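Let me begin by presenting the structure, written as structure tokens, before commenting on it.
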Amino acid sequence: MKITFKIWRQEGPNDKGGFQSYEVNDLTEDMSFLEALDHLNEILVLKNKKVVAFEYDCREGICGQCGVFINGRAHGPHDNMTTCQLHMRSFEDGATITVEPWRARSFPIIKDLIVNRSAFDRIIENGAFISAKTGTAPEANAILISKTVSDRAMDAAACIGCGACVATCKNSSAALFTSAKINHLNGLPQGAPEAHQRVLDMTAQMEKEGFGHCSFTGACEVECPEGISIVNIAEMNARFIKAKIFG
Ligand code: FES
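Heads up, the working numbering is the position in the sequence shown plus 1279, with the first residue counted as 1.
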């Protein structure tokens, strides 16, 4: 396959940055998208040029590190798929592929396609935990949880924190991420004792990090590789009002 990559290059957070084009002629459709970028970097190394900085870890859709905009869509052309799960067969031979980093004020660019998502870590630090001493693992049936409740908690817990929701939102809102992290604990009996404090602390940190407000357009749900539902945001808002009244 012959592909032209049009990639955002930026030396650091204060650099202006810009697109650069690279033509690669010997890709195969079985290569993953990240393998294609690896191959481009091998070519750049041989030409003694600076490699393209991009982030990844698991390459199997669970760590959330690999997110970039590909042809204007977070994580590329397919729904419910991370960048590392994307393969070159999704593109036409001869195509030009535009690759950009997440763009949001709260995710400053570190270099090229890598952004700093530590704002998410700080939101998690403010409540996505249970502080009760748990001791050894309890008997699995000691706390009975209905299937509906456990399914909802597990669906929320599927969030991999990639940041696609923020990057794709016109307001750069982190409401989908924060609500998923709140709901996966607040919906379960184990999360109940700190439920009110959790929603107040995590939403306060979300605001402090400079994320925008949610205007409920649903773009985040569409681009989320894990299919996290925006119902989580409505649930978070209801929990927030309850916490303000009873917290
Ligand atoms: S590299 Fe881990 S989700 Fe893509």
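Idealized CB from N, CA, C, for every residue including glycine.
Keep in mind the model is a prediction, meaning the values are calculated, not measured.
Near ligand 1: residue i beta-carbon under 8 Å from a heavy atom
i, result
"residue 1340", "yes"
"residue 1362", "yes"
"residue 1499", "no"
"residue 1476", "no"
"residue 1441", "yes"
"residue 1493", "no"
"residue 1358", "no"
"residue 1506", "no"
"residue 1400", "no"
"residue 1317", "no"
"residue 1355", "no"
"residue 1503", "no"
"residue 1337", "yes"
"residue 1466", "no"
"residue 1344", "yes"
Identity of the residues DSSP links to residue i by a beta bridge
i, result
"residue 1494", "Residue 1494 is not bridged to any residue."
"residue 1348", "1353 and 1379"
"residue 1301", "1284"
"residue 1390", "1393"
"residue 1366", "1311"
"residue 1452", "1491"
Integer-rounded CB distance, given that residue j should sit under 8 Å from residue i
i, j, result
"residue 1360", "residue 1504", "6 Å"
"residue 1382", "residue 1446", "6 Å"
"residue 1308", "residue 1368", "4 Å"
"residue 1518", "residue 1478", "5 Å"
"residue 1506", "residue 1448", "With 8 Å as the limit, residue 1506 and residue 1448 do not qualify as a contact, their Cβ atoms being about 16 Å apart."
"residue 1292", "residue 1388", "6 Å"
"residue 1281", "residue 1298", "Their Cβ separation, rounded to whole angstroms, is 19 Å, which puts residue 1281 and residue 1298 out of contact at 8 Å."
"residue 1522", "residue 1464", "No, residue 1522 and residue 1464 are not in contact; Cβ-Cβ is about 13 Å, not under 8 Å."
"residue 1391", "residue 1287", "7 Å"
Would you call the segment 1367-1376 and the segment 1467-1483 touching, i.e. three or more CB-CB distances under 8 Å?
no
Is the segment 1434-1444 touching the segment 1480-1492 in the sense that three or more CB pairs, one from each, lie closer than 8 Å?
Contact between the segment 1480-1492 and the segment 1434-1444 is not established, with fewer than three Cβ pairs separated by less than 8 Å.
Below 8 Å, how does it come out for the segment 1347-1354 and the segment 1406-1420: are there three or more Cβ pairs, yes or no?
no
Quick check: the segment 1332-1349 against the segment 1427-1437, are there 3 or more CB pairs under 8 Å?
no
I want to know whether the segment 1456-1463 touches the segment 1507-1515 - three or more CB-CB distances under 8 Å.
yes
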